[in-house]
Amino acid sequence: MGKPVLRTKLCDILNIEYPILSAGMGPSLVGEKTGAPVELVVAVSEAGGLGVLGASGFTIDEMREAIREIKRRTDKPFGVDLLLPSQIVSLGDQKVEGPAEVPLSEILKTLPPAHYDWIMKIKSDMDLPDIDAMVRLDSTTVRPHAAVKVCIEERVPLFCSGLGNPGFMIPDAHAAGMKVLGIAGNTKNARRIAQSGADLVVAQGHEGGGHTGRVGSLALWPQAIDACAPTPVLAAGGIGDGRGLAAALACGCPGVWVGTRFLATTEGGALDIQKEAIVKASDEDTRRTYLYTGKTSRATYNKFHDLWEASGLDPLPFPIQVMLASGMVEMFTKAGLNDYVGPFSGQVVGLIREIKPATDVLRDMVAEAADILANRLPASVQARV
Numbered sequence: 111m112g113k114p115v116l117r118t119k120l121c122d123i124l125n126i127e128y129p130i131l132s133a134g135m136g137p138s139l140v141g142e143k144t145g146a147p148v149e150l151v152v153a154v155s156e157a158g159g160l161g162v163l164g165a166s167g168f169t170i171d172e173m174r175e176a177i178r179e180i181k182r183r184t185d186k187p188f189g190v191d192l193l194l195p196s197q198i199v200s201l202g203d204q205k206v207e208g209p210a211e212v213p214l215s216e217i218l219k220t221l222p223p224a225h226y227d228w229i230m231k232i233k234s235d236m237d238l239p240d241i242d243a244m245v246r247l248d249s250t251t252v253r254p255h256a257a258v259k260v261c262i263e264e265r266v267p268l269f270c271s272g273l274g275n276p277g278f279m280i281p282d283a284h285a286a287g288m289k290v291l292g293i294a295g296n297t298k299n300a301r302r303i304a305q306s307g308a309d310l311v312v313a314q315g316h317e318g319g320g321h322t323g324r325v326g327s328l329a330l331w332p333q334a335i336d337a338c339a340p341t342p343v344l345a346a347g348g349i350g351d352g353r354g355l356a357a358a359l360a361c362g363c364p365g366v367w368v369g370t371r372f373l374a375t376t377e378g379g380a381l382d383i384q385k386e387a388i389v390k391a392s393d394e395d396t397r398r399t400y401l402y403t404g405k406t407s408r409a410t411y412n413k414f415h416d417l418w419e420a421s422g423l424d425p426l427p428f429p430i431q432v433m434l435a436s437g438m439v440e441m442f443t444k445a446g447l448n449d450y451v452g453p454f455s456g457q458v459v460g461l462i463r464e465i466k467p468a469t470d471v472l473r474d475m476v477a478e479a480a481d482i483l484a485n486r487l488p489a490s491v492q493a494r495v
């Protein structure tokens with residue numbers, strides 16, 4: 111059997127073989143660099159898709175080194191994803207004075223009293239260990255303009271804005287020969303990104319993991335396509351195999367943005383206990399919550415969700431809520447309370463039953479979609495125009 115062919119206009123735009131991008135899942139401002147590490151980016155790009163580095167939470171220097179490491183390991187196109195919410199971008203880069211890292215425990219003391227007291231009560235009631243994590247003050251999230259500048263200096267083939275409208279940096283990116291992508295969870299924001307001059311828009315449905323919106327994928331994709339035309343719209347949210355890819359192509363999307371399925375791979379940056387949670391989860395075992403970042407995001411259900419809902423507290427603004435959640439997660443993890451810890455994941459977790467190499471995930475997805483479009487669909491559907 112020959113190598114499957116699955117080519118769309120996205121392949122020509124990005125100079126890739128297959129219309130599949132791995133989502134730029136990034137680490138938080140705190141602790142381990144989980145998400146989409148260099149190894150995953152290289153694996154996806156080498157397999158014919160386009161791997162995207164999740165660089166939120168990296169320091170500026172760490173991100174530059176990661177970009178250069180990717181270039182050393184592959185000559186294929188790749189992307190870098192940053193979080194650019196408008197309230198952070200408009201503040202400008204925060205000056206970093208003194209130590210480059212500060213204890214998370216000290217930052218938590220600056221939270222509103224109700225939130226800090228709640229953390230301390232849970233810590234006492236559950237006899238949780240102390241927090242040792244450090245917060246990187248020179249992160250790309252705190253210094254978004256410096257981070258964007260590095261991406262442009264390094265001429266990253268595809269710049270991706272995981273949150274916010276990248277319009278402010280598009281002229282400079284285009285001048286450097288780069289493409290720019292933005293992600294939206296509704297038609298209104300998809301249109302804004304397209305009108306700002308982005309080359310590509312990702313429409314992510316309610317089913318998706320991480321930051322996600324309120325509109326289901328099959329309702330959102332065609333509406334976003336109409337709103338953004340002629341800017342191409344990629345599909346995200348609920349795609350984990352070739353069937354999802356074929357469905358997205360049938361809707362008119364020239365490609366897909368896939369997160370959870372690539373997180374649960376050999377190269378995916380999730381911790382082992384997080385990958386195990388994905389494999390064990392069913393389609394109903396995720397929750398959409400403000401808990402982790404202060405913005406709506408979806409993760410596998412765990413008992414931390416119940417604690418937060420019972421607290422009656424309002425979420426803090428991004429990225430302050432990240433600090434609160436990170437401190438709690440570290441204590442739960444150190445205590446071995448795995449049922450209080452779960453990764454960002456979409457409802458597609460119900461399809462994922464094993465951890466395997468990213469190359470296999472991509473090739474299986476391509477082979478199945480190509481078979482559906484070339485063989486199964488024509489054999490099962492009679493259509494005439």
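Each residue of the sequence shown is one higher than the last, beginning at 111 in the working numbering. Glycine included, each C-beta is placed from N, C-alpha and C at the ideal position.
Asked, Found
"Let me confirm a value: residue 494 is counted as buried when at least 16 other C-beta atoms fall within 10 Å, else exposed. Which label applies?", "exposed"
"Please report the straight-line C-alpha distance between residue 112 and residue 477, rounded to a whole angstrom.", "10 Å"
"Check residue 269 in the structure and name its three-state DSSP category.", "strand"
"So for residue 165, helix, strand or coil by DSSP?", "coil"
"For a quick check, are the C-beta atoms of residue 187 and residue 155 less than 8 Å apart?", "yes"
"Just how far apart, CA to CA, sit residue 379 and residue 149?", "9 Å"
"How long is the line joining the alpha carbons of residue 247 and residue 210, rounded to whole angstroms?", "6 Å"
"In the DSSP output, what is residue 132 paired with across the bridge?", "368"
"Given a cut-off of 8 Å on the beta-carbon distance, is the pair residue 346 and residue 307 in contact?", "no"
"By how many angstroms is the C-alpha of residue 362 removed from the C-alpha of residue 121?", "15 Å"
"Does the Cβ-Cβ distance between residue 433 and residue 241 come in under 8 Å?", "no"
"Which residues bound the beta strand (DSSP E) around residue 310?", "310 to 314"
"Going straight from the alpha carbon of residue 184 to that of residue 274, what length do you get?", "29 Å"
"Could you name the residues of the same chain whose beta carbon sits closer than 7 Å to that of residue 301, not counting the 5 residues immediately before and after it, in chain order?", "337, 338"
"Between the alpha carbons of residue 124 and residue 249, how many angstroms are there, rounded?", "28 Å"
"So is residue 257 buried or exposed if we call it buried at 16+ other beta carbons inside 10 Å?", "buried"
"Can you confirm whether residue 189, when its beta carbon is compared against all beta carbons of chain C, has any partner nearer than 8 Å?", "Among the protein chains of the structure shown there is no chain C, as only one such chain exists."
"What would DSSP say about residue 177, mapped onto helix, strand or coil?", "helix"
"To the nearest angstrom, report how far apart residue 176 and residue 311 are at their CA atoms.", "25 Å"
"Strictly by DSSP, which residues pair up with residue 293?", "312"
"With a cut-off of 8 Å on the beta carbons, I'd call residue 460 and residue 393 a contact; round off their distance for me.", "3 Å"
"Which ranges would you report for the beta strand (DSSP E) in the region 437 to 464 if only whole runs of at least 3 residues count?", "none"
"To which residues of the same chain is residue 398 closer than 8 Å at the C-beta, ignoring the five residues directly before and after it?", "316, 322, 406, 407, 408"
"Am I right that residue 116 and residue 480 are in contact with their C-beta atoms under 8 Å? What's the rounded C-beta distance?", "5 Å"
"Just the Cα atoms here: how many angstroms apart are residue 348 and residue 473?", "18 Å"
"Do the region 364 to 378 and the region 416 to 427 meet, that is, are 3 or more Cβ pairs less than 8 Å apart?", "no"
"Can you name, in chain order, every residue of its own chain whose Cβ lies under 8 Å from the Cβ of residue 266, other than the five neighbours on each side?", "177, 188, 189, 190, 288"
"Might you give, ordered along the chain, the residues of its own chain that have their beta carbon closer than 7 Å to the beta carbon of residue 325, omitting 5 neighbours on each side?", "295, 296, 315, 316"
"Rounded to whole angstroms, what is the Cα-Cα separation between residue 292 and residue 277?", "9 Å"
"If you draw a straight line from the alpha carbon of residue 264 to that of residue 180, how long is it in whole angstroms?", "11 Å"
"Which first and last residues belong to the alpha helix (DSSP H) in which residue 150 is found?", "148 to 156"
"Do residue 129 and residue 364 have their CB atoms nearer than 8 Å?", "yes"
"With 16 as the cutoff for other CB atoms within 10 Å, does residue 385 come out buried or exposed?", "buried"
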